[in-house]
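Residue numbers (the numbering used here): 1 to 233.
Below is one structure, written out as structure tokens, with a few remarks after it.
Right under this line is the structure:
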């Protein structure tokens with residue numbers, strides 16, 4: 001395990017596990033059963049007295065870097081995912097939530113609005129009217145409510161969110177890496193471009209994969225009725 005001041009990094013076979021570790025502030029990305037929160041949002045104590053320029057010079061560029069990560073990311077949510085914590089979960093490609101998980105954008109109660117993509121990502125998946133309810137009231141939603149509106153992949157018993165997320169990640173990690181990256185890129189383009197542009201990007205990625213060794217191996221293995229041995233080339 002590699003440790004930084006507020007980040008823990010671990011590995012389970014081909015799956016990396018990143019834990020944001022500030023439990024005293026409850027803005028911690030906790031993967032461990034029994035923890036109270038996934039991420040309870042920004043540290044509000046740091047914000048009073050900030051000017052618009054201060055906020056513009058803040059760390060919001062980091063959100064764009066997370067968005068550009070090519071490796072698939074799975075959020076394992078146990079407990080509260082509020083504000084920036086909810087936005088962080090939505091930056092991931094899939095979300096596994098324990099039955100006690102709660103999601104919310106409570107910024108309105110502080111006189112502000114979500115600033116790291118909450119209004120945009122929620123509306124694209126949750127729909128306009130449910131997004132308006134969450135953003136304008138600051139109300140929390142259960143894991144099952146989020147799953148019912150396709151914002152959570154699956155709801156699992158309390159304490160099993162990490163193990164289920166790792167299990168899913170191992171399935172993804174077993175696929176050909178280049179195809180996985182280009183598949184993620186194609187799906188994301190559906191939310192960020194027009195249909196015409198998205199289709200063009202999908203076809204481009206599809207065609208490019210025929211230049212990879214993994215495409216040849218995958219199809220050959222299928223015809224020979226054996227497991228493919230992908231190399232990431």
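Even glycine gets a Cβ: it sits at the ideal position worked out from N, Cα and C.
Asked                                                                                                                        : Found
Buried or exposed by the 16-neighbour rule on C-beta atoms within 10 Å, applied to residue 14                                : exposed
Residues of its chain near residue 34, where Cβ-Cβ distance is below 7 Å and the 5 sequence neighbours each way are ignored  : Low per-residue confidence applies at residue 34: pLDDT is 39, beneath 50, and the placement is therefore not dependable, though the value from the model is reported in the following sentence. Only 159 meet the Cβ criterion.
Residue 187 versus residue 210: straight-line alpha-carbon distance, rounded                                                 : 19 Å
Straight-line Cα distance separating residue 217 from residue 233                                                            : 10 Å
From 146, 178, 193, residue whose alpha carbon lies closest to that of residue 238                                           : Shown here, the chain extends from 1 to 233; a query on residue 238 therefore has no answer.
Assigned secondary structure, residue 27 (DSSP; H/G/I helix, E/B strand, else coil)                                          : In this prediction, residue 27 has a pLDDT of 44, which is less than 50 and means its spatial position is unreliable; nothing more can be read from the coordinates.
Local Cβ density within 10 Å of residue 157, reported as buried at 16 or more and exposed below that                         : exposed
Residue 168 and residue 76 closer than 7 Å at C-beta                                                                         : no
Any C-beta of chain B under 7 Å from that of residue 82                                                                      : Among the protein chains of the structure shown there is no chain B, as only one such chain exists.
Check whether residue 134 and residue 175 have beta carbons under 7 Å apart                                                  : no
Alpha-carbon to alpha-carbon, residue 89 and residue 101                                                                     : 12 Å
Spatial distance of residue 223 from residue 199 (CA atoms)                                                                  : 28 Å
Alpha-carbon spacing of residue 63 relative to residue 214, whole angstroms                                                  : 32 Å
Which of helix, strand or coil DSSP assigns to residue 33                                                                    : Any answer about residue 33 is weak, because its pLDDT of 35 lies below 50 and its placement is not dependable; what the coordinates show is given next. If DSSP states are grouped into helix, strand and coil, residue 33 belongs with coil.
Rounded straight-line distance, which links the Cα of residue 10 to that of residue 66                                       : 18 Å
Alpha-carbon spacing of residue 193 relative to residue 68, whole angstroms                                                  : 15 Å
Segments of 4+ residues assigned as alpha helix (DSSP H) that fall wholly inside the region 90-147                           : 118-126, 128-137
Under the three-state DSSP convention, the category residue 180 falls into                                                   : helix
Residues of its chain near residue 109, where Cβ-Cβ distance is below 6 Å and the 5 sequence neighbours each way are ignored : 138
Residue 10 Cβ short of 6 Å to the ligand ZN heavy atom set                                                                   : What this structure holds is no ligand at all, so the ligand ZN is not there to describe.
Sub-7 Å separation of residue 95 and residue 153 beta-carbons                                                                : yes
Buried versus exposed, by CB contacts within 10 Å (16 or more), residue 107                                                  : buried
Residues near residue 177 by beta carbon distance below 6 Å, same chain, minus five either side                              : 232
Beta bridge counterpart(s) of residue 172 as assigned by DSSP                                                                : Answer is none; residue 172 lacks a bridge partner.
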